[in-house]
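This is the structure we're talking about:
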């Protein structure tokens, strides 16, 4: 809640003093963002590592799952130029992505 504490119900569904865990709001937000980045990276890596990957990346429901916190997929990938090379296709929104050269 707003107090910076989270309450964990016990097996019986009641709360006791031992179930109160101190966790600052800012840390929880940072942990969640870090976890989202790790999940998104894992999905991108899984596709880039598939044999025959052609550069066209599609993450199912990206906007619903990651968009609010990580932005558009292309923008997310472009934040990591040391890891990914994003190249536009034509003049539209389409792009290809590959691992950046080591």
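Numbering (my numbering), first residue to last: -8 to 93. Glycine included, C-beta positions come from ideal geometry on N, C-alpha and C.
Under the three-state reduction of DSSP, residue 21 is assigned to helix. In the structure shown, residue 71 adopts coil according to DSSP, grouped into three states.
Secondary structure at residue 87: strand, using DSSP grouped into helix, strand and coil.
By the Cβ criterion, the segment 44 to 53 is in contact with the segment 25 to 35, since at least three pairs of Cβ atoms, one from each stretch, lie closer than 8 Å.
When only Cα atoms are considered, residue 59 and residue 42 end up about 31 Å apart.
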